[in-house]
Structures are given as structure tokens and as C-alpha cells.
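**Student:** Supplied in C-alpha cells, the structure appears directly below.
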Amino acid sequence: MDLHQVIREVSAQLDPFLNNSTTISSGPYQLTAVESNSDSVSDDFDKVSYTVKTILESGKENAFSEQLGEFISAKEGEIEKMCNFHYQEFVQSVEQLLKVRLGTANLKSKIMNLNGEMQEAGSKIIEKKREIIDYRKILLNIELAMECVQTCLHVLDIANKINAQIEKGKYYSSLRMLDDLQTTHLPRIIEYNFARDMQLFIPTQRENIRQAVVREIRQWLGTVNERTRAVGKEALGISEKRESKRLENIITNGHSISLDFIASDDLDVYDAAGEHIDFKPLYKCIHIHDVLGKRKLFMDQFEGHRGTQADLVFKSNFILNCDDLKGFETYLQDAVGFFIVEAVIMGSTQNFRSRTNVELLWEIASEKLNKIVVDGLQECQNPEAFFIIKQTLTSFVYILQGYGYAVDKLRTLILSLFDRHVELTKMSCCEQIIETIEDDDCTPVTVENISEYQVIMNAIAFEKPLASMKWVSALSDIPPPNDGHDRFPRALPFSKTVPDCCYLIHTYVNGFYRFSNGFDQHHNEMDDLLKKSLEGILINTCGASLSRKLMDNDLGECIQIFINAEYFGMACAQLEGIFTEKKGLAKGQIVLQASKFFVDFRDVCEKRIINLVRERIDQYISEAAHYEWLATVVQPKPSTYLQDIANFASSLLKSELSLLRAENRQKIYDGIIRHLAQSFMTMLVTKSGKKISHAFVETYWKDVQFLEQFITVLGDSKIDEQFAELQQTLQFLLSDNYEDYVLTDLRTKVYPRVNPNNLALLLEKIRPEPSFMVGLSAAQKLKAKTIDSVLKFIREPKVAVRSRQYDE
388 MDLHQVIREV SAQLDPFLNN STTISSGPYQ LTAVESNSDS VSDDFDKVSY
438 TVKTILESGK ENAFSEQLGE FISAKEGEIE KMCNFHYQEF VQSVEQLLKV
488 RLGTANLKSK IMNLNGEMQE AGSKIIEKKR EIIDYRKILL NIELAMECVQ
538 TCLHVLDIAN KINAQIEKGK YYSSLRMLDD LQTTHLPRII EYNFARDMQL
588 FIPTQRENIR QAVVREIRQW LGTVNERTRA VGKEALGISE KRESKRLENI
638 ITNGHSISLD FIASDDLDVY DAAGEHIDFK PLYKCIHIHD VLGKRKLFMD
688 QFEGHRGTQA DLVFKSNFIL NCDDLKGFET YLQDAVGFFI VEAVIMGSTQ
738 NFRSRTNVEL LWEIASEKLN KIVVDGLQEC QNPEAFFIIK QTLTSFVYIL
788 QGYGYAVDKL RTLILSLFDR HVELTKMSCC EQIIETIEDD DCTPVTVENI
838 SEYQVIMNAI AFEKPLASMK WVSALSDIPP PNDGHDRFPR ALPFSKTVPD
888 CCYLIHTYVN GFYRFSNGFD QHHNEMDDLL KKSLEGILIN TCGASLSRKL
938 MDNDLGECIQ IFINAEYFGM ACAQLEGIFT EKKGLAKGQI VLQASKFFVD
988 FRDVCEKRII NLVRERIDQY ISEAAHYEWL ATVVQPKPST YLQDIANFAS
1038 SLLKSELSLL RAENRQKIYD GIIRHLAQSF MTMLVTKSGK KISHAFVETY
1088 WKDVQFLEQF ITVLGDSKID EQFAELQQTL QFLLSDNYED YVLTDLRTKV
1138 YPRVNPNNLA LLLEKIRPEP SFMVGLSAAQ KLKAKTIDSV LKFIREPKVA
1188 VRSRQYDE
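Have a look at this one:
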């Protein structure tokens, strides 16, 4: 039941007793009955509720109950009086009182319940109040704790920032923050254990920073080790480019050079080191160690690491392989890069790298390099390797000389390479000349345009090498092209052997002077050495190779070799003029033995060409010349193989032989005609059958006449002399008067060139013989008798002696 409902019921039950403003007083508590009406019910309710509230708050429920009981008893007495006076009313009152009593009991029960509920509600409120008080204390503690935590968090944040700075590599700022943390922030919270731990950890953190810097510098040193080669490579490349420009200026201006020049323009090499290596980590590490007061410790560690790296580079078991110089170039690149880095460090820091220590490393490296080169080149046969090593060492010396390193030992090493290089360069040149000659296809060089023409002419015309020699212009017998008349493609007389070999000789001379530049030898001594080497190249190599090729090739190639030999002779004349000019005209004309060699070699070529032509003609005759020795009918046309011979001879004269000089061409041409006549005579005498017929002789005579007519068309005036024996022999065999040969006057006049021995053989072949079935006719018998007489005459002792003399 709701509290307000209970109060309303109590007020309703007490309503009859509250009229006429009656006051009941008993003990310390009083109940006042106030006249009430319908308008004052609410006010009475408020009073009752206030009274009940006061009783409940003061804990006087029992007193209230007792007084209420007394009040009830008093009322009962009054009621009894009233009842006596007013019985009926009394009975009604008693009934009402009984109801009131019942209501009061109910009210009491409800009040007790209400009191219990209010006690329970009050205890909860009190508990909540206590919780609120506790919470306020906790909140205060939290606020105090938060202030402390904020202070600590600030310190920890600084510590985290220090770690972050360390991770970012900002070691100097980390040290500054550590100092600030130690002197400013930690004293404020030093009462905390973690602050004291941090205070103790600061030295360790400083050491961690130093270790981090050391780790970073180790990584940097690893990077330096990796990029040292790139630094050396670029530095050597810059030096080589500068040297190339220097040589170009020397060639243009005509001044010689020496190894002793100022390498003041090596600053670009210094910059090259900075492009590959960032030295900031080193400077930062030095600075950090300075701040920590541990510079000496870092210097010792750095020196030890660089010493270890030097041992890896210079004390390794590197062996120079002259067939593959990449390893040597890499070795020098490592060395150059290493000492450039050392020079940069010494130049960009103060009192960090010990010059004495660096110079000691340089001394070790120089001795190691000297030993590597000397040992590696003992068995080396590659002249190009010597030149590359010399060039690389020269660049090496130029670069490191510019950084103040002592290079006297390396200069001596470079000078020691000269004699061996001359020998090996000559060997290499000879090998290439031999290969060039052997690979030559012996065909004239064809140029497609003026540019190719100039390239070829520049190759065969020696020019001034390195401003040390003055060379003559191109060969005078090859006219330059005229844009208005000469057209391309154009064939030159010689094959590629001539320009290629001249180019190789030219390259050898250039290499000789290029390698010798900067040395102090007397120029005349060097020229004598060059002359001697060239004699050996031209005679023992070029000449010998041409001789071998001459014996191993066919006709066209041999003719081309003959032409090539002429141009090699011209090249020798050029060289003679060069050496004469260098020696001075007052000392006389310099003559090379190679000039005489090529003159003699041309004679050998002529003989070889003639022999090859003979072999070709013999081949045509042996393979295609098929005669019917006992033919009964004369062939109306010349034999077909003669046309092949004519075509061959015509083609030979118009192609290969046309490239020869007139006197050489005529000499070879005479030999060809002579051999044709001898071949036809030999075929008639020795290769014909045991018997020949008159018709065969007539056919053979027609073939000889065809050949003579062809040769006459070619314009040879000596054909009668060379074909005389063959002509007279055939004319004799075709004549009807064999006995004329017996007559001395007729024989001397008509058949002076007939060989008696050959004639005897032919007469035996043409002499009629009876067959198995048919005998000889009278005319045949007469002819046989005449032949026998002539044979008898030929075989007489005097004639036989004359025949032997003719053969001789």
C-alpha cells in the first residue's frame, strides 16, 4: 500500500475526533484535533504527515503508540459517557471506535511497514552517500596521480623521443636531449624508482648511441668498400680521358710529352669520389665521438678497419692474368679508390687519419703492385696486355701523384715494360699479318664511295704518328677519284691484304711511339730499333706469309699476290723515305732489305703464275682433248676444247692480268703462249695413239691454226717463233714429199725447227701398216717406203747427235 494512501485513511478515521479543536495531551507528545471540513482535509493531511515524519525521524514510534492508546482510552471514556448520555449514539460511537480501532491497528501495521521501508530506503541513501564521499576521495587521488603521471609521461616522452631520434640516426640531438633529461626533468621525479633507474641508464644510453653510431659507420665502411672500386674506376676513366685529350693536343701541336707532368687538374677525380661516397656519416661519427669524449677510441677502431681493408686489397693472393686484365684493372680500381678515400678523409678532417699510417699502407701497396706486375708478365706473350697495363699504371701514377703519394717505384716499373712491349708488339703484329694474309681472298678491294676510298688510301699511306715522324702521302700511281668523271663502286688493284697489313704496320709504329712517349731514350736509338723491327716484320713475316700463300693458291690469287707484292715494295719505299728524312739527308739514303726482298719475290710470283697457267692449260687438254687418232674424215670445225682454252686465255688477259704492269703482263703472256705450243707438240708426239691417220693430222692442224689465229687477235708478235716447231712438224706430216727432209737445203730452209726425234716418232705413227684382213695399196707401200727412208736418215749417227743437241 502506498504511504499517502495510508495517511489518508488515518485522517479519515480520526476525522470525528479532530472536530471542535480538541487537544489531547499526554506525556511529551500532543495530538491536536482541529475542526475540519472538506476544505481543510489537505491541510490536516499535511499536518498528520508532518507529525508521522517527525515521529519516525525521532524514533518515538512506541511512545506515539502508547499515547495513541491513551488517547484512545480517553476517547473511549468520553464515548462511554456520551454513550450513557446518548446510548444510541454511544453504540454508534462504539461501533465507530471499533472501526477506528481496527483502522488504527491497520494503520499501525502500515506505519510499521512504512517505517521499515523508510529505514531500508534511508540505509541505501546513506550507503550511496558514503560511496559518494569515497568517490570524491578517489577523484582527488586520481587528480593528484594524473598530475604526477603527466610529469612522468613528459619524461617518458622525452625518453621515447630520444629513442626515436636514435632510430632516425639523429645522434647528436639524442645526446642533447639526454643531457637535458638528466639535468632538468629527472630531478623533478627522482623520488620514483623508474626515474632513478632512468638516471642510472643514461650512461648506458650514451654508450648505446655510440654503438649505434659505430654500427652505422660500419655500414658506411661496408658501403665504402663496395663503392671504392667505382671511385677508382671513375678516377681512372677521367685520367684516361684527360690523357687522350693530351695526346690529341700533342698530335695536333707536335710536342712530345714525358711522364713528369703536373697533375693539378685531378680535382675532378676528387669530386668523383664525392659523387659515389657520402662522407657525412663519417663526419657525424667523428662529431659524436668528440661530444662523448671518445675520439681516440674511434680513431683506433677506424684505423684498424682500414688496415684490415688494405690487407684484403693488397695482401690477397691476386695473380695477374695477362689474357684477362679485368682482374688487374679491378685491382687498380680498388687501390685507386682506397687511397683516394684516404686522401679525402685526410683532407677533410683534422687530426683524424695518421699520414704516417696511410703512407705505410701506400708503401705496402706499391711493393705488392710491383711484384704482381713483374710476376704476372714473366710468361705473358700478349703485347696488348703490356700496353694496357702501362696505360693503366700511368693513369694510376698520375692520379695518386696528385694526392701527394710517392710514385718513384711505379715510374721505374713502367719504364721496365718498354723493351718487352716492343718485342711482344712486334710478335702480335706479325701474328695478325700472318692471319690477315692467310685469310685474304685475294680479290681486288672494291670501294663503294669516296669515304671508303679515303679510308683505304689512308691505310696504305703512312702518316705522322704522335708528331714524331713525318710520313709521305698516298701512293702516286692510284689516282684520286674525280667527282665529275670517276664513279663508284670502284675496284682498286690490290686486295685487302695491302691496306690491312699497312694498317697493322702503321698501328705497330703508332703503338711503338705511343708506348715510348715520356721515356728518356734517344730518338735515333728508338728509330734504329723501329727500323730493325720493321725489317723483320716485312721480310720474315709479311714476305714469308705471301710466299706460303703463293704456293697454296690458284692462278687468280697468285696474280693478286703479285700485285700486292708491288704495293708492299712501294710501302718499303715510303718507309725508306721516312727513315732517311729522320736521319737527315746528309747521312745518305736509308735502304731497307725488305725492298730488295719484294723485288725478288715478284720474280717468284711471275714463275708461279706461269706454272699455274700451264697447269690450267694442261688440265683443259687432258680432260677435254679427245681425238680420233685413226680418223678417216677430217673434222670441219676446230675442237670444242680449244674454245675453252681461248675463253680462258681471253678472260685471263682481260681480268687478272690486266691489273699487272705492261712489262709484267707481257712476260707472263709470252710464257703462256710458249707453253701452249709445247703442250700441243707434246700431245701430238707422246699422247697420241700408236698409229695416227692423215685425217687426224689435218684435224690437228686446223686446231693449231685456230689457236694461232686467236693468239694473233690478242696482239702477240712472237707467235711464229713460239709455234714454229709445231707448225713445221704438222706441215711436214701433211706434205706428200717426205723425202724432202733428207735434202739438207730443203730441210734447213723449210723445216729448220723440226725436232728429228719427235719427227721420227710421228713418222712411225703415221706409217701405213697392213691390217689382218687387207694389205697395203701401192700408194701406201710407196709412202711406207719413203717414211722408212726418212727414219733411216734420222737415225744415222750424225743426225742422231744433231737431234740430241736439239733436245738440249
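Take any residue in the sequence shown, note its place counting from 1, add 387, and you have its number in the working numbering.
C-beta atoms are modelled at their ideal positions from N, C-alpha and C, and glycine is treated no differently.
1) Can you tell me the Cα-Cα spacing of A697 and F725, whole angstroms?
2) Put T743 into one of helix, strand or coil per three-state DSSP.
3) In this structure, does DSSP put V1020 in helix, strand or coil?
4) Given a cut-off of 9 Å on the beta-carbon distance, is the pair G1058 and E1002 in contact?
5) With a Cβ-Cβ cutoff of 9 Å, do A622 and V723 count as a contact?
6) Would you tell me roughly how many angstroms separate the C-alpha atoms of V794 and V784, rounded to the nearest one?
7) What did DSSP end up calling P1139 once you bin it into helix, strand or coil?
8) Select from H893, N612, M585 the residue whose C-alpha is nearest the C-alpha of C539.
9) If we require 4 or more residues per run, which alpha helix (DSSP H) segments fall completely within the stretch 983–1070?
10) Quick check on V885: buried or exposed, where buried means 16 or more other Cβ atoms within 10 Å of its Cβ?
11) CB-CB under 6 Å to A1064, same chain, minus the five flanking residues each way: which ones, in chain order?
12) In whole angstroms, what is the alpha-carbon distance linking R351 and T736?
13) Measuring only the C-alpha atoms, how far is A532 from R517?
14) When you compare the CB positions of H1062 and V1000, do they come within less than 9 Å of one another, or not?
15) So V832 is in the beta strand (DSSP E); what residue range does that whole segment cover?
16) Is C816 near T928, with beta carbons less than 9 Å apart?
17) What is the DSSP secondary structure of F881, reduced to helix, strand or coil?
18) Just reading off the alpha helix (DSSP H) that G691 is part of, what are its end residues?
19) CA-CA distance, M1068 and W1016?
20) Would a C-beta distance cut-off of 9 Å place K1024 and K1078 closer than the cut-off?
21) Can you give the Cα-Cα distance for G490 and L526, rounded to whole angstroms?
22) Go ahead and label C535 buried or exposed: buried means 16 or more other beta carbons lie within 10 angstroms of its beta carbon, across all protein chains shown.
23) Under three-state DSSP, which class holds D1090?
24) What is the DSSP secondary structure of Y416, reduced to helix, strand or coil?
25) At the level of alpha carbons, what is the spacing between L1163 and L1169?
26) Please report the distance separating the alpha-carbon of K1216 from that of N1145.
27) Are the C-beta of D987 and some C-beta of chain D separated by less than 9 Å?
28) Starting from V794 and walking both ways along the alpha helix (DSSP H), at which residues does that stretch end?
29) Less than 6 Å between C-beta atoms, sequence neighbours within five positions excluded: which residues of the same chain meet that for R597?
30) If you run the structure through DSSP and keep just helix, strand and coil, what is S1122?
31) Taking contact to mean at least 3 C-beta pairs separated by less than 8 Å, is the stretch 826–833 in contact with the stretch 941–951?
32) Evaluate N1051 with the Cβ neighbour count: other Cβ atoms within 10 Å of its Cβ, from every protein chain shown; 16 or more gives buried, anything less gives exposed.
33) Please look up how many angstroms separate the CB atoms of Q980 and E922, rounded, as I've assumed it's under 8 Å.
34) Which residue wins for smallest C-alpha separation from T812, given the options R874, R1182, S838, T894?
35) Straight-line CA distance for K524 to F451?
36) Going by the beta-carbon positions, is the gap between V1084 and L1133 smaller than 9 Å?
**Tutor:** Quick answer:
1) 8 Å
2) helix
3) coil
4) no
5) yes
6) 6 Å
7) coil
8) M585
9) 1027–1041, 1049–1069
10) buried
11) Q1109, F1110, L1113
12) Nothing can be reported for residue 351: it is not among the residues displayed for the chain, which extend from 388 to 1195.
13) 22 Å
14) yes
15) 831–834
16) yes
17) strand
18) 682–701
19) 15 Å
20) no
21) 52 Å
22) exposed
23) helix
24) Residue placement at Y416 is flagged as unreliable, the pLDDT there being 38, under the threshold of 50; the coordinate-derived value follows with that caveat. Three-state DSSP puts Y416 in a strand.
25) 10 Å
26) Nothing can be reported for residue 1216: it is not among the residues displayed for the chain, which extend from 388 to 1195.
27) This model lacks chain D altogether; it includes just one protein chain.
28) Element bounds for V794: n/a, residue is neither H nor E.
29) L679
30) coil
31) yes
32) buried
33) 6 Å
34) T894
35) 42 Å
36) no
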